[in-house]
Amino acid sequence: MSSLTPVATTSAPGAIGPYSQAIKAGNLVFASGCIPLDPSTMQVVSGGIEEQTTQSLKNLKAVVEASGCSLSQVAKTTVFLKDMNDFASMNKIYGEFFGDHKPARSAVEVARLPKDVLVEIECIAVSSA
Numbered sequence: 017m018s019s020l021t022p023v024a025t026t027s028a029p030g031a032i033g034p035y036s037q038a039i040k041a042g043n044l045v046f047a048s049g050c051i052p053l054d055p056s057t058m059q060v061v062s063g064g065i066e067e068q069t070t071q072s073l074k075n076l077k078a079v080v081e082a083s084g085c086s087l088s089q090v091a092k093t094t095v096f097l098k099d100m101n102d103f104a105s106m107n108k109i110y111g112e113f114f115g116d117h118k119p120a121r122s123a124v125e126v127a128r129l130p131k132d133v134l135v136e137i138e139c140i141a142v143s144s145a
């Protein structure tokens, strides 16, 4: 069994609980759910679903890059939405963010998210190293 290596970066918000920003296990990177916190203030960004999706994805990108991967190596994402009515707005930002790369994805509505945010996004990436 390969060892588990925590991934940490100050370019994304620190964990707000007893977990790692991501874990590397062999050539896989499991990124914890990223919520729309500004890493410099640890406060939820102002605005609605578009602003929150943008910040969540910026945070996810920072964690993925800290692991030695790029967004093009993301194999799967899971998007947690407070309200599925926000799907189209989230999807627009998500599509712009990933561009031509289309990882597998699940999107689900949940009853509540940390800090009462509107969106949380996690991923699995595959490292070439």
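Under the numbering used here, the letters of the sequence shown match residues 17 to 145, in that order. Even for Gly, the Cβ is constructed at its ideal location relative to N, Cα and C. These numbers come from a predicted model, not from an experiment.
Annotation: the continuous beta strand (DSSP E) that includes Ile39 extends over Ala38 to Ala41. For the pair Met106 and Val135, the CB atoms are nearer than the 7 Å cut-off.
Around the C-beta of Asn75, 16 or more other C-beta atoms lie within 10 Å, and the residue is accordingly described as buried. Leu44 carries a strand assignment under DSSP once its states are collapsed to helix, strand and coil.
For the segment 42 to 111, the continuous alpha helix (DSSP H) assignments of 4+ residues that do not extend past its boundaries occur at 65 to 82, in sequence order. Measuring C-alpha to C-alpha distances from Val126 to each of Ser143, Lys77, Phe114 and Val95 identifies Val95 as the nearest.
Each residue's CA atom was taken as its position, placing Lys118 and Gly33 some 30 Å apart. The shortest C-alpha to C-alpha distance from Met58 to any of Tyr110, Val133, Ser143 and Ile65 is the one to Val133.
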